[in-house]
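Student: Protein chains in written order, with my numbering: chain A, 33 to 316; chain B, 33 to 316; chain C, 33 to 316; chain D, 33 to 316. Just so you know, even glycine gets a beta-carbon here, dropped at the ideal spot from N, CA and C. Below is a structure I'd like to ask you about.
There are 4 protein chains.
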Amino acid sequence: MINPTATLLISCPDQRGLVAKIANFIYANGGNIIHADQHTDFAAGLFLTRIEWQLNGFNLPRELIAPAFNAIAQPLGAKWEIRFSDTIPRIAIWVSRQDHCLFDLIWRQRAKEFIAEIPLIISNHPNLKVVAEQFGIDYQHLTITKDNKIEQEAQQLELLQNYKIDLVVLAKYMQIVSRDFIAKFPQIINIHHSFLPAFVGANPYHRAFERGVKIIGATAHYATPDLDAGPIIEQDVVRVSHRDEVEDLVRKGKDLERVVLARAVRLHLQNRVLVYGNRTVVFE
Amino acid sequence: MINPTATLLISCPDQRGLVAKIANFIYANGGNIIHADQHTDFAAGLFLTRIEWQLNGFNLPRELIAPAFNAIAQPLGAKWEIRFSDTIPRIAIWVSRQDHCLFDLIWRQRAKEFIAEIPLIISNHPNLKVVAEQFGIDYQHLTITKDNKIEQEAQQLELLQNYKIDLVVLAKYMQIVSRDFIAKFPQIINIHHSFLPAFVGANPYHRAFERGVKIIGATAHYATPDLDAGPIIEQDVVRVSHRDEVEDLVRKGKDLERVVLARAVRLHLQNRVLVYGNRTVVFE
Amino acid sequence: MINPTATLLISCPDQRGLVAKIANFIYANGGNIIHADQHTDFAAGLFLTRIEWQLNGFNLPRELIAPAFNAIAQPLGAKWEIRFSDTIPRIAIWVSRQDHCLFDLIWRQRAKEFIAEIPLIISNHPNLKVVAEQFGIDYQHLTITKDNKIEQEAQQLELLQNYKIDLVVLAKYMQIVSRDFIAKFPQIINIHHSFLPAFVGANPYHRAFERGVKIIGATAHYATPDLDAGPIIEQDVVRVSHRDEVEDLVRKGKDLERVVLARAVRLHLQNRVLVYGNRTVVFE
Amino acid sequence: MINPTATLLISCPDQRGLVAKIANFIYANGGNIIHADQHTDFAAGLFLTRIEWQLNGFNLPRELIAPAFNAIAQPLGAKWEIRFSDTIPRIAIWVSRQDHCLFDLIWRQRAKEFIAEIPLIISNHPNLKVVAEQFGIDYQHLTITKDNKIEQEAQQLELLQNYKIDLVVLAKYMQIVSRDFIAKFPQIINIHHSFLPAFVGANPYHRAFERGVKIIGATAHYATPDLDAGPIIEQDVVRVSHRDEVEDLVRKGKDLERVVLARAVRLHLQNRVLVYGNRTVVFE
């Protein structure tokens, strides 16, 4: 879609007239809504919505949209954010030694399945530098030990700032990111290789094998200070049987991890994910 | 939900201000929107939406809503319909000899998975009369032959009128309903035991077996004069293997047929299905 | 299948010649193998197999098959059991107040999806007596309190003996069966309304909702003294979204519970489930 | 698994003693069976089996296994083939302009998800030469027109011979391979972007969109002279909705095509696929 769009993600206490007020704001300024979706969480008393409209023909200059909308949003007690489709987000992919999610994300970005730049790969291992070079992406190798974690995270944070990164994707990074780091840079999507909340933590495939489950899964979620407990964006599963050894679970799981992480990254980049509490609304 | 709601299903040529105009109509009359979903089919240039609001506190008397909304809809060139959640639809279930979908629909209606009355079962066989009696539902046995089809359909139509039926569910009826009949009573949902458009027509499980497929399916669709070609509401599938004989496909398929038909009936009864051309928008 | 068959389920330490020895035993006596499947668990050093052959034309009288096979099995250190397809197992279904799994199992038994008798329903509530009467099945209402559990389980055990029950199916029984009871009657299949090991214990749908999962599941397993920790026979899942309230999870979950429990019961009754350690081999 | 194995795939008219005769042959020569699976197609009167055993400790020299087994197989009227796990098959991947399946197959081969060599890529377009070079694989660009098809196929056949190719994988080749070619080189796996038999031929995603299906699929099958009608090895599906444009079907479909084709290639290379008539037995 060549015509750029603006997208509003809004959550506010439920009350009469919300749809009308928001739609009027866009219509009054000559905007053409192309997608609008809303959800009411009755238990929480919350109205949540995503509205996307074409900027072509919209009478408000781009820099005035936020202040103008704020005049409407503030009396409603709304939390909101606005993004423009022609502002290209910048992603840093963090990896350890496994390359399947990395390759997959790069392939999808090249194939324009999502619109983003990937200027930076960070890893605690040197192994995947060759992949980075193959695709002309900077590769920063920062070993992590118990003793150097604080300095290395400071270093990582500086890299994110220098590279103007908007989103960190933990593509099988296999390290815990500290509470402090997440407080400073909260836009982090992680892929965990189980259908959470089953098998939180290390070695989920081994534990799935031992438990004798007939289905394994993968979960993409926003990282929070509590391990594998952040808001879930996407999950998927695949059947396994007694014939599958742990190494088969790992192999089948890789296909899940790839696709679940890619879907979550795409949904996030298209501003389709609205987090509230520890839940997500995914406007598909 | 004790509080009754009104639901509008609207399709109209895409243009600026549609969301605002519709939302304003509801807000101006004091309505509280609890669900709103829209879709734009860019190729067809169509805007399609479903809006549901609480009637409690809505200032327009119920009988004036339609004419008042028409004043807005007509200039937009919109097709629309309105339904009220406390108007209970009446279903006639048509069966042949298989009882699994019949039992399932009755169980779900009793369990209030959907809100409807089932006053009538029509069949070309006497076999399931015992089920009808078990649940206190009238059973009309009308044999169908090549020669008597026209008279029997006239009889069926009269039954639908006498019982004030809103929806016919072909729950494995195994007979073709004529073009004429559908013209006179178009609200018909059929379940076909294949993932359409594969295996249109008779004996889909036998043909699936012969083709050696690894997945079988079921499809719920609105009946149209062209066999198994109507707008699809819902589909689902299940894996099969070389170990499955035709009778296993039939058994596995029954589980699909049940759940796919029940989902379609529920979506229809909740006014979540909007048909345009030969396609459906399902507002889930 | 009119021709009766014998089925051997065997597990024994892996060693050369196992398939040959077992197949020779059947061939030497004129048996025609119609299904044979084997699995080797290399980590456990175990060979596990299921062999089914036609009794028609088998030269050993039925009562001599077990002792004759024992002469082969003992030197191999094998655990084994034999069942004949024309011995009809007898099931007791235990329920609480929900009827969906009960109805479903009765329907499938009537439809001959599995071959068994269901002479007895046990419940801690009187509610489903009407279903039992509808199908001519004895209904025993035994209230369970903290104080009377020991006596009531004694009573339940006596009922199982009197009715010559082979298998107990906990079809949403919602009570914990004691360690003692399971020791005395270990043939128990339970349905748990989550994809175990997620959401062990009470209220799994509420907890799934709070966790914000995108997939819910159901698990059929053999009951063991540890809550929801027994060998898993079958699992399945369904997608949910932010639009699904807890009551929607319950509704969608019921469809899963039905089909997962039914598959597990059918696999068990066809002697397709071999338990070893806390795992199952399911010979499909 | 370092220890090499032999695998027999056998189909023969059903008769008593087949399992015993085959197992005895292996046991008598000191072989240790690690996988054995059989299937009986009662309608066809066929016994089909796959047996894999360790060559380590097997007393027959490798070159004598086939003639020795033939002495057993011939009187049974059996068709059979034997393969050794340490004979590495050689694959030619044929592509057109889309790179997703090509990248995926190369990644999986590099990750050792299957054991094979990929010395050759053939294409009717020059576009993917860069991928071939990136991974050090020979790339043969052979344009196909109505007029030159016969000569080009002769050229392709010569390439397959020169490169000692065992298997051709049509990884979105988008061209019809002639009856003559298939007669000369029948080991061809194709990926078709629909759940066959729906949408045989060109533009399946466009036709799926027009038909308004709620599920799309992909099918891997052996190529036969009849278009998209060969024995099916593997299929899978994904849900779509009214929100998915044709380009979304294409995107979602690519994920299916990748994984379905990869599973089929892996199953074939592990000698798990037995074709008879137009059906496959997949010994998983």
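Is there a Cβ from chain C that is less than 8 Å from the Cβ of residue 37 of chain D?
Tutor: As a working mapping, residue 37 of chain D is identified with position 5 in the fourth sequence. So, not an interface residue.
Student: Among the candidates A:245, A:106, A:219, A:201, whose CA atom is the shortest distance from the CA of residue 127 of chain A?
Tutor: As a first step, residue 127 of chain A is located in the first sequence; it is residue number 95 there, counting from the start. That would be A:201, whose Cα lies nearest to the Cα of residue 127 of chain A.
Student: For residue 187 of chain D, which residues in the same chain have their Cβ closer than 7 Å to its Cβ, ignoring the five residues on either side in sequence?
Tutor: Translated into positions along the fourth sequence, residue 187 of chain D becomes position 155. Excluding residues within five positions, the ones whose Cβ falls inside 7 Å are 174.
Student: Applying a beta-carbon distance threshold of less than 9 Å, which residues of chain C neighbour residue 263 of chain A?
Tutor: Indexing the first sequence from 1 puts residue 263 of chain A at position 231. Simply 244.
Student: Could you list which residues in chain C have their beta carbon closer than 7 Å to that of residue 64 of chain D, in chain order?
Tutor: Within the fourth sequence, numbered from 1, the residue matching residue 64 of chain D stands at position 32. Here the neighbours are 48.
Student: Give me the Cα-Cα distance between residue 297 of chain B and residue 149 of chain B, rounded to the nearest whole angstrom.
Tutor: The count along the second sequence starts at 1 and reaches residue 297 of chain B at position 265. The count along the second sequence starts at 1 and reaches residue 149 of chain B at position 117. Rounded to the nearest angstrom, the two C-alpha atoms are 13 Å apart.
Student: Within a Cβ cutoff of 6 Å, which residues of the same chain sit near residue 79 of chain D, ignoring the five residues on either side of it in sequence?
Tutor: As a first step, residue 79 of chain D must be located in the fourth sequence, where it is residue number 47. These residues qualify, in order along the chain: 44, 46, 50, 72.
Student: Specify, as a first and last residue, the run of the beta strand (DSSP E) that residue 80 of chain B falls within.
Tutor: Position 48 of the second sequence, counted from the start, is the residue given in the question as residue 80 of chain B. It spans 78-86 - the beta strand (DSSP E) in which residue 80 of chain B sits, taken as one unbroken run.
Student: Output yes or no for whether 8 Å exceeds the beta carbon distance between residue 256 of chain C and residue 264 of chain C.
Tutor: Start at 1 with the first residue of the third sequence, and residue 256 of chain C comes out as number 224. Start at 1 with the first residue of the third sequence, and residue 264 of chain C comes out as number 232. For residue 256 of chain C and residue 264 of chain C, no; Cβs fall outside 8 Å.
Student: Return the CA-CA distance between residue 282 of chain B and residue 293 of chain C, expressed in angstroms with no decimal places.
Tutor: Here residue 282 of chain B corresponds to residue number 250 of the second sequence, with the count starting at 1. Here residue 293 of chain C corresponds to residue number 261 of the third sequence, with the count starting at 1. Whole-angstrom Cα-Cα distance: 19 Å.
Student: Quick test of the definition: if touching needs 3 or more C-beta pairs under 8 Å, does the stretch 84-104 of chain D touch the stretch 87-99 of chain C?
Tutor: These segments do not touch.
Student: Mind reading off the beta-carbon distance from residue 247 of chain A to residue 271 of chain A? Whole number of angstroms is fine, and I expect it under 8 Å.
Tutor: Along the first sequence, read from residue 1 onward, the residue named residue 247 of chain A stands at position 215. Along the first sequence, read from residue 1 onward, the residue named residue 271 of chain A stands at position 239. Contact flag correct, Cβ pair sits at about 6 Å.
Student: At a CB-CB cut-off below 8 Å, which residues of chain A make contact with residue 302 of chain B?
Tutor: Taking the second sequence and counting its residues from 1, one reaches residue 302 of chain B at position 270. Near residue 302 of chain B there are no residues of chain A at all, since even the closest Cβ is about 16 Å away, more than 8 Å.
Student: In angstroms with no decimal places, state the Cα-to-Cα distance between residue 304 of chain B and residue 168 of chain C.
Tutor: Walking along the second sequence from the start, residue 304 of chain B turns up at place 272. Walking along the third sequence from the start, residue 168 of chain C turns up at place 136. Taking the straight line joining both Cα atoms gives about 40 Å.
Student: Which same chain residues end up closer than 6 Å to residue 109 of chain B when comparing Cβ atoms and leaving out the 5 residues on each side of it in sequence?
Tutor: On the second sequence, position 77 is the one that residue 109 of chain B refers to. Closer than 6 Å at the Cβ level, and outside the excluded window around residue 109 of chain B, lie 44, 45.
Student: Residues in its own chain within less than 8 Å of residue 54 of chain C by CB, not counting five upstream and five downstream?
Tutor: For the purposes of this step, residue 54 of chain C is taken as residue 22 along the third sequence, with counting starting at 1. Excluding residues within five positions, the ones whose Cβ falls inside 8 Å are 40, 42, 81, 83, 104.
Student: Using C-beta distances below 6 Å, list every residue in its chain close to residue 159 of chain B, excluding the 5 sequence neighbours before and after it, in chain order.
Tutor: Numbered from 1 along the second sequence, position 127 holds the residue referred to as residue 159 of chain B. Result list for residue 159 of chain B: 129, in chain order.
Student: Look at the Cβ atom of residue 195 of chain C, then the Cβ atom of residue 228 of chain C, and state whether they are nearer than 8 Å.
Tutor: By one-based count along the third sequence, residue 195 of chain C stands at place 163. By one-based count along the third sequence, residue 228 of chain C stands at place 196. No, Cβ-Cβ distance for residue 195 of chain C and residue 228 of chain C is not below 8 Å.
Student: Roughly how many whole angstroms lie between the Cα atoms of residue 106 of chain D and residue 98 of chain D?
Tutor: Along the fourth sequence, read from residue 1 onward, the residue named residue 106 of chain D stands at position 74. Along the fourth sequence, read from residue 1 onward, the residue named residue 98 of chain D stands at position 66. For residue 106 of chain D and residue 98 of chain D, the distance between alpha carbons rounds to 12 Å.
Student: Among D:36, D:220, D:233, D:191, which has the Cα closest to the Cα of residue 253 of chain D?
Tutor: Along the fourth sequence, one-based indexing puts residue 253 of chain D at 221. The residue with the shortest Cα to Cα distance from residue 253 of chain D is D:220.
Student: Between residue 225 of chain D and residue 289 of chain D, which are expected to be in contact by the criterion C-beta below 8 Å, what is the C-beta distance as a whole number of angstroms?
Tutor: Indexing the fourth sequence from 1 puts residue 225 of chain D at position 193. Indexing the fourth sequence from 1 puts residue 289 of chain D at position 257. That belief holds up - the Cβ atoms of residue 225 of chain D and residue 289 of chain D are roughly 6 Å apart, short of 8 Å.
Student: Using the beta-carbon of each residue, which ones in chain B are nearer than 8 Å to residue 70 of chain A?
Tutor: Here residue 70 of chain A refers to the residue found at position 38 of the first sequence. Within chain B, the residues near residue 70 of chain A are 65, 67, 68, 69.
Student: Kindly list the residues whose CB is nearer than 8 Å to the CB of residue 57 of chain B, restricted to its own chain and excluding five residues on each side of it in sequence; keep chain order.
Tutor: Residue 57 of chain B sits at position 25 when you count from the first residue of the second sequence. Closer than 8 Å at Cβ, skipping near neighbours: 100, 101, 104.
Student: Under the assumption that residue 154 of chain C contacts residue 189 of chain C (Cβ atoms under 8 Å), give the Cβ distance between them as a whole number of angstroms.
Tutor: The residue you call residue 154 of chain C lines up with position 122 of the third sequence. The residue you call residue 189 of chain C lines up with position 157 of the third sequence. That belief does not hold up - the Cβ atoms of residue 154 of chain C and residue 189 of chain C are roughly 11 Å apart, past 8 Å.
Student: Kindly indicate the opening and closing residues of the beta strand (DSSP E) around residue 311 of chain C.
Tutor: Within the third sequence, residue 311 of chain C is the residue found at index 279, counting from 1. 311-314 is the extent of the beta strand (DSSP E) around residue 311 of chain C.
Student: So within the stretch 87-127 of chain C, which uninterrupted beta strand (DSSP E) runs reach at least 3 residues, ignoring any that extend past its ends?
Tutor: Listed in chain order, the complete beta strand (DSSP E) runs (minimum 3 residues) inside the stretch 87-127 of chain C are 111-116, 122-127.
Student: Between which residues of its own chain and residue 61 of chain B is the CB-CB distance below 7 Å, once the five residues before and five after are set aside?
Tutor: Looking up residue 61 of chain B in the second sequence gives position 29. 90, 91, 92, listed in sequence order.
Student: My parser needs the alpha helix (DSSP H) runs of 4 or more residues fully inside the stretch 174-207 of chain B; what are they?
Tutor: Entirely contained in the stretch 174-207 of chain B, the alpha helix (DSSP H) runs reaching 4 residues are, in chain order, 181-194.
Student: Are the CB atoms of residue 259 of chain B and residue 291 of chain B within a distance shorter than 8 Å?
Tutor: Translated into the one-based positions of the second sequence, residue 291 of chain B becomes position 259. Translated into the one-based positions of the second sequence, residue 259 of chain B becomes position 227. The answer is no: Cβ separation not under 8 Å.
Student: Can you find a C-beta in chain A that's less than 8 Å from the C-beta of residue 310 of chain C?
Tutor: By one-based count along the third sequence, residue 310 of chain C stands at place 278. It does: the Cβ of residue 310 of chain C has a partner Cβ on chain A nearer than 8 Å.
Student: Who are residue 218 of chain B's beta bridge partners in DSSP?
Tutor: Working through the second sequence from its first residue, we reach residue 218 of chain B at position 186. Residue 218 of chain B is not bridged to any residue.
Student: So what's residue 156 of chain A in DSSP terms, helix, strand or just coil?
Tutor: Reading the first sequence from its first residue, position 124 is the one you call residue 156 of chain A. Note: residue 156 of chain A maps to coil in three-state DSSP.
Student: Put residue 166 of chain C into one of helix, strand or coil per three-state DSSP.
Tutor: Start at 1 with the first residue of the third sequence, and residue 166 of chain C comes out as number 134. DSSP places residue 166 of chain C in helix when its eight states are reduced to three.
Student: Does residue 147 of chain D come out as helix, strand or coil in the three-state DSSP assignment?
Tutor: Numbered from its first residue, the fourth sequence carries residue 147 of chain D at position 115. It is coil, neither helix nor strand.
Student: What does the alpha-carbon distance come out to for the pair residue 309 of chain C and residue 137 of chain C?
Tutor: Position 277 of the third sequence, counted from the start, is the residue given in the question as residue 309 of chain C. Position 105 of the third sequence, counted from the start, is the residue given in the question as residue 137 of chain C. Answer to the nearest angstrom: the Cα atoms are 28 Å apart.
Student: Could you list which residues in chain D have their beta carbon closer than 9 Å to that of residue 146 of chain A, in chain order?
Tutor: Stepping through the first sequence from its first residue, residue 146 of chain A is reached at position 114. Correct list: empty, because the minimum Cβ distance to chain D is about 10 Å.
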